[in-house]
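Below: the structure, in structure tokens.
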Amino acid sequence: MDWYGRPYDRQLRNTNKLLWMFAGADGVKTGTTREAGQCLVSSATRGDDQQIIAVVLHSGNRWADSTTLLQYGFDNFKLFRHAARDTVLQSLQVTHGMQECVDAVVAEDVSFVVPAAQADSLQIT
Numbered sequence: 013m014d015w016y017g018r019p020y021d022r023q024l025r026n027t028n029k030l031l032w033m034f035a036g037a038d039g040v041k042t043g044t045t046r047e048a049g050q051c052l053v054s055s056a057t058r059g060d061d062q063q064i065i066a067v068v069l070h071s072g073n074r075w076a077d078s079t080t081l082l083q084y085g086f087d088n089f090k091l092f093r094h095a096a097r098d099t100v101l102q103s104l105q106v107t108h109g110m111q112e113c114v115d116a117v118v119a120e121d122v123s124f125v126v127p128a129a130q131a132d133s134l135q136i137t
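Counting in my numbering, the sequence shown runs from 13 upward without gaps.
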């Protein structure tokens, strides 16, 4: 790494052990304060871009507690994708309009978190 045009060697140490302990871990922040003790805000992403965030405060083992929370989230909840952006949902007739019909189009991806047991049988009507 260069620093003001001169070579600069610097070794950085990340204290978030979860990044190499938990598959899919991608952040976020460790910390310790007198009031909250050892803390960890962690996130992990798996599968179809399902990201889960866990917040642990005043923990005796923030790594184990965060792992337990994240794994619980992935085991018990799934991301249900209802409609993708730009999907035409329906063609609608227009009364007294400049066109006879218009397409109802999804503006942004529509997805939500559901209990894993319901993910495969969920139907939107």
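Backbone N, C-alpha and C fix where the C-beta goes; we use that ideal spot for every residue, glycine too. None of these values were measured; they are calculated from a predicted model.
| Item | Value |
| --- | --- |
| Could you tell me which whole beta strand (DSSP E) segments of length 3 or greater appear in the segment 100-127? | 100-105, 113-117, 122-127 |
| By alpha-carbon positions, which one of S71, D87, L69, T79 ends up nearest to G59? | D87 |
| Among L134, D132, R97, whose alpha-carbon lies nearest the alpha-carbon of E120? | R97 |
| Take A66 and list the residues in its own chain whose beta-carbon comes closer than 6 Å to its own, dropping the five residues that flank it on each side. | S54, S78, L81, L82 |
| For A37, which residues from the same chain have a beta carbon less than 7 Å from its beta carbon, with the 5 sequence-adjacent residues on both sides left out? | L30, L31, S54, A56 |
| Measure the CB-CB distance between L91 and S133 and report whether it falls below 8 Å. | no |
| For the segment 25-62, list the alpha helix (DSSP H) runs that are entirely contained and at least 4 residues long, ordered along the chain. | 30-33 |
| By alpha-carbon positions, which one of G43, D61, F89, Q62 ends up nearest to S71? | G43 |
| Where do the N-terminal and C-terminal ends of the beta strand (DSSP E) with A76 fall, by residue? | Segment 74-88 is the alpha helix (DSSP H) holding A76; no beta strand (DSSP E) there. |
| Decide if R74 is buried, meaning its Cβ has at least 16 other Cβ atoms within 10 Å, or exposed. | buried |
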